[in-house]
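Enquirer: So in the UniProt record's numbering, spot 71 of the sequence shown is number 71, and the numbers just go up one at a time. Note that CB positions come from ideal geometry on N, CA and C, so glycine has one too. As the structure is a prediction and not an experimental result, all values here were calculated from the model.
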Amino acid sequence: MKLQKFALADVTLERSPGSDAEIYAGNLVDERHGGPVTIGYGRYAPDQTLTETMAVDDIMILLAGRLSVSTGAETVEAGPGEIVYMPKGEAVTIRSHEEGAVTAYVTYPHWRSARG
């Protein structure tokens, strides 16, 4: 794998698998490229909710908007420039606020493979 640079304009966003919400993800690097991690962008329309148990370790960087991430024990709110770490096995609910959100993410291992 060679040195690469990515921008939001480089990604093709698809609806998040298994969800009817207006939440989209697009991988730029994943198992098809031979690297150990998945790298991509996400877009959340306003007032959307996604609940799942993390199949991988997921690092989400907020680029625009606001998100809340809740577990049974706590809730964190994040905005532009902030990072949320969601460990494998953690049950989370991700909620976008009225302005929606744009994120970048890195997962280990590859999230598509882990979802089976």
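1) How long is the line joining the alpha carbons of W111 and P36, rounded to whole angstroms?
2) If the criterion is Cβ atoms closer than 8 Å, does the pair G65 and A25 meet it?
3) Looking only at its chain, what residues have a beta carbon closer than 6 Å to the beta carbon of A45, apart from the 5 residues adjacent to it on each side?
4) Compare the beta carbon distance of A96 and Q48 with 8 Å and say whether it is the shorter of the two.
5) Hey, quick one: how far does the beta strand (DSSP E) through L50 stretch, first residue to last?
6) If you follow the beta strand (DSSP E) that E74 is part of, which residue opens it and which one closes it?
7) Across which residues does DSSP place M60 in a beta bridge pair?
8) Measure the beta-carbon distance from I94 to L67 and round it to whole angstroms, keeping in mind my assumption that it falls under 8 Å.
9) Give me the Cβ distance between L50 and S70, rounded to the nearest whole Å; I'm assuming they're in contact under 8 Å.
Expert: Checking against the coordinates, here is how it stands:
1) Sequence index remark: in the sequence shown, residue 111 carries index 111 (1-based). Sequence index remark: in the sequence shown, residue 36 carries index 36 (1-based). Cα to Cα, the separation comes out at about 11 Å.
2) Counting from 1 along the sequence shown, the entry for residue 65 is found at position 65. Counting from 1 along the sequence shown, the entry for residue 25 is found at position 25. Result no, Cβ atoms of G65 and A25 do not sit closer than 8 Å.
3) Stepping through the sequence shown from its first residue, residue 45 is reached at position 45. Answer for A45: E22, G100, listed in chain order.
4) Taking the sequence shown and counting its residues from 1, the one referred to as residue 96 is at position 96. Taking the sequence shown and counting its residues from 1, the one referred to as residue 48 is at position 48. According to the sequence displayed, residue 96 carries Ser and not Ala. Result yes, Cβ atoms of S96 and Q48 sit closer than 8 Å.
5) As a working mapping, residue 50 is identified with position 50 in the sequence shown. 49-53 is the span of the beta strand (DSSP E), which, as asked, contains L50.
6) Indexing the sequence shown from 1 puts residue 74 at position 74. Unbroken run through E74: none, as it is neither H nor E.
7) Against the sequence shown, residue 60 aligns to sequence position 60. M60 is bridged to V84, Y105.
8) For this step, residue 94 is matched to residue 94 along the sequence shown. For this step, residue 67 is matched to residue 67 along the sequence shown. Sure, about 6 Å apart at Cβ, within 8 Å.
9) Your numbering for residue 50 matches position 50 in the sequence shown. Your numbering for residue 70 matches position 70 in the sequence shown. The pair is not a contact, with the Cβ atoms about 11 Å apart (cut-off 8 Å).
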